[in-house]
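Student: In numbering that gives the first Met the number 0, the protein residues as written are 0 to 90.
The structure follows.
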Amino acid sequence: MKAFNIHIIHKNERITLTIIPHNDYFKIVYFEGIIGAVKKVGSKWNLMPEEAIEPGEFAPYDYKLTTDGGKIVLGPSEVNQIAEQIENQLT
0 MKAFNIHIIH KNERITLTII PHNDYFKIVY FEGIIGAVKK VGSKWNLMPE
50 EAIEPGEFAP YDYKLTTDGG KIVLGPSEVN QIAEQIENQL T
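Given below as structure tokens:
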């Protein structure tokens, strides 16, 4: 499976994320920086600990480089939106 883009709502704004399949999980990339990864365990999608993510060609996302310095926090709402769109790609 190749990388693909999705859109989620975060803080009432629509943002574009790139999803990169890697081994048994999916990296979540925003403006060429990794903001997290999700892994399906049974029927549930879990946010992975940062130290368990292999960065590969991407570095962790640097929030200091954004004009507003806004941090994207992947909470349950964001993880659910991401998981739903990954599931759609898998079917």
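Here a beta-carbon is modelled for each residue, glycine too, at the ideal position from N, C-alpha and C.
Keep in mind the model is a prediction, meaning the values are calculated, not measured.
Are the CB atoms of L46 and I89 within a distance shorter than 8 Å?
Tutor: According to the sequence provided, residue 89 is Leu. The question's Ile does not apply to it. Result no, Cβ atoms of L89 and L46 do not sit closer than 8 Å.
Student: Could you give the distance in angstroms between the alpha-carbon of V16 and the alpha-carbon of K38?
Tutor: Here the sequence assigns Leu to residue 16, which means Val is not the residue at that position. The alpha-carbon atoms of L16 and K38 are separated by roughly 16 Å.
Student: Anyone know if the C-beta pair for H77 and I5 falls short of 8 Å?
Tutor: Here the sequence assigns Glu to residue 77, which means His is not the residue at that position. Against a cut-off of 8 Å, the Cβ pair of I5 and E77 comes out as no contact.
Student: What does the alpha-carbon distance come out to for the pair A2 and S42?
Tutor: A2 and S42: Cα-Cα distance of roughly 22 Å.
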